[in-house]
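Enquirer: Everything in the sequence shown is counted per this note's numbering, starting at 860 for the first residue and increasing by one. C-beta: ideal position from N, C-alpha, C; glycine also. Structure below; questions to follow.
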Amino acid sequence: MKIIEYVLDSGRQISSALLVGLLLILNSCGGSKPAAQVAVNNVIESRFAEGKAAYAKEDWLEAIHIFDEIRLQAPTSSFAIEATYLEAMARYNSGTYISAAVDFRAVRRNYPTSSLAARSQFMVGESYYMLSPRAELDQTYSQYAINEYQLFLRDFSDKPLADSAQMRIGEIRNKMALKVLLSAELYLKLSSNNAAIRFFNRVVDNYYDTPSGIEAQLRIAEVQYARKKMKEAQDAILVFEEKFFSNATPAQRARARSIKQSLSLR
């Protein structure tokens, strides 16, 4: 029992390697298995409390170190689930978003029935969302975020988080639509009109429910009119009026009316 008391008093000094050896030391000294397990559990509980204290102080590196130790040392303990989740949150708060996504995914995968599974899946999406750059740049992480939010919506029904996931998806889709729209405008500046029309159509086809979708349809009409392709301009403005006019801004509606008047349409 002296060894047990020493371990409990020295929990702060226990490393994951020493935790592994604790049972062997106790057994070799005649300690009973129940007593050894109690000692290990108490040490783990003490370390978990230290991890939470580090987390509360925003000492992310120390919190990550302690929670990782618990997760690896005692994956079936009552502290493992929360330790894994808090390790992921510490990584997220420290700005290491890819590592955070890995750990959040581990909670979802290893503890699928946990109360933290839904939030962890949502936080995978949040981790990739934080890596999503401005519209002009590559949107690979944006697509990863959408995939993870959609996976959350498919598998869970947590209403507040579901609303947040839907909001995030809408925000990211707006950004991705804007990227394609900006590419179309760049092709226009390069006098690549056919390529520009293709990209405007891509926005309309894939992001029709975004502000960029409205703008792209109007730009198709304007570009075709400028190219003297009156039939194409007329078709485009009729589609704009039928599908996009009600959600267009006053300025966009005025531009549409101007094209109609130039085309002598009523």
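#1: Mapping DSSP to helix, strand and coil, what is P992?
#2: Report the residue ranges of all alpha helix (DSSP H) runs contained in full by the region 1010-1055; include only those spanning at least 4 residues, in chain order.
#3: Taking 8 Å as the limit between beta carbons, can you name the residues of its chain near L883, skipping five residues before and five after?
#4: Do A922 and K911 have their C-beta atoms closer together than 9 Å?
#5: Assuming V961 and I940 form a contact by the criterion Cβ under 8 Å, report the distance between their Cβ atoms to the nearest whole angstrom.
#6: Please confirm whether Y987 and A976 have their CB atoms less than 9 Å apart.
#7: Where does K1038 land, buried or exposed, given buried means 16+ other C-beta within 10 angstroms?
#8: Less than 9 Å between the beta carbons of M1035 and Q998, yes or no?
#9: On a CA-only basis, which of A1107, E1101, A942 is nearest P1070? Give me that one, please.
#10: When every heavy atom of the ligand COA is checked, does at least one fall within less than 8 Å of the C-beta of A922?
#11: So N952 is in the alpha helix (DSSP H); what residue range does that whole segment cover?
#12: Output the boundary residues of the alpha helix (DSSP H) element that contains L1077.
#13: Round the Cβ separation of R950 and S958 to the nearest angstrom and send it over; I've been treating them as touching at under 8 Å.
#14: DSSP three-state label for K1090, please.
#15: Would T935 be called buried (16 or more neighbouring beta carbons within 10 Å of its own) or exposed?
#16: A942: which of K1087, Y970, N1065, G954 sits nearest, CA to CA?
#17: Per DSSP, what kind of secondary structure is Y987 in: helix, strand or coil?
#18: CB-CB under 8 Å to R993, same chain, minus the five flanking residues each way: which ones, in chain order?
#19: Rounded to whole angstroms, what is the Cα-Cα separation between K1102 and S1050?
#20: What is the DSSP secondary structure of E1007, counted as helix, strand or coil?
Expert: The structure says:
#1: Translated into positions along the sequence shown, residue 992 becomes position 133. In the structure shown, P992 sits in coil (DSSP, three-state: anything other than H, G, I, E or B).
#2: 1018-1048
#3: On the sequence shown, residue 883 is found 24 positions in, with the first residue counted as 1. Bear in mind that the predicted position of L883 carries a pLDDT of just 49, short of 50, making it unreliable; the figure below should be weighed with that in mind. Result list for L883: empty, nothing under 8 Å.
#4: Taking the sequence shown and counting its residues from 1, one reaches residue 922 at position 63. Taking the sequence shown and counting its residues from 1, one reaches residue 911 at position 52. Result yes, Cβ atoms of A922 and K911 sit closer than 9 Å.
#5: Here residue 961 is taken as the residue at index 102 of the sequence shown, counted from 1. Here residue 940 is taken as the residue at index 81 of the sequence shown, counted from 1. Between I940 and V961 the Cβ distance is about 16 Å, and since that is not below 8 Å, they are no contact.
#6: Along the sequence shown, read from residue 1 onward, the residue named residue 987 stands at position 128. Along the sequence shown, read from residue 1 onward, the residue named residue 976 stands at position 117. Their beta carbons are not under 9 Å apart, which means Y987 does not touch A976 by this criterion.
#7: For the purposes of this step, residue 1038 is taken as residue 179 along the sequence shown, with counting starting at 1. Flag for K1038 reads buried.
#8: Here residue 1035 corresponds to residue number 176 of the sequence shown, with the count starting at 1. Here residue 998 corresponds to residue number 139 of the sequence shown, with the count starting at 1. Cβ atoms of M1035 and Q998: closer than 9 Å.
#9: The residue given as residue 1070 occupies position 211 in the sequence shown. Nearest option by C-alpha distance: A1107.
#10: Annotation note on the ligand COA: not contained in the displayed structure, which lists no ligands.
#11: Here residue 952 is taken as the residue at index 93 of the sequence shown, counted from 1. That run of the alpha helix (DSSP H) goes 939-952.
#12: If you number the sequence shown from 1, residue 1077 lands on position 218. Per DSSP, L1077 belongs to the alpha helix (DSSP H) from 1070-1085.
#13: Taking the sequence shown and counting its residues from 1, the one referred to as residue 950 is at position 91. Taking the sequence shown and counting its residues from 1, the one referred to as residue 958 is at position 99. Yes, R950 and S958 are in contact; Cβ-Cβ is about 5 Å, under 8 Å.
#14: If you number the sequence shown from 1, residue 1090 lands on position 231. Helix.
#15: To locate residue 935, count along the sequence shown from 1; it is residue 76. Exposed.
#16: Position 83 of the sequence shown, counted from the first residue, corresponds to residue 942. The option with the nearest alpha carbon to A942 is Y970.
#17: Here the question's residue 987 lines up with position 128 in the sequence shown. Here Y987 sits in helix by DSSP.
#18: As a working mapping, residue 993 is identified with position 134 in the sequence shown. Once the five neighbours on either side are set aside, the close Cβ partners of R993 are K1034.
#19: Counted from its first residue, the sequence shown places residue 1102 at position 243. Counted from its first residue, the sequence shown places residue 1050 at position 191. For K1102 and S1050, the distance between alpha carbons rounds to 28 Å.
#20: Within the sequence shown, residue 1007 is the residue found at index 148, counting from 1. Helix, per DSSP.
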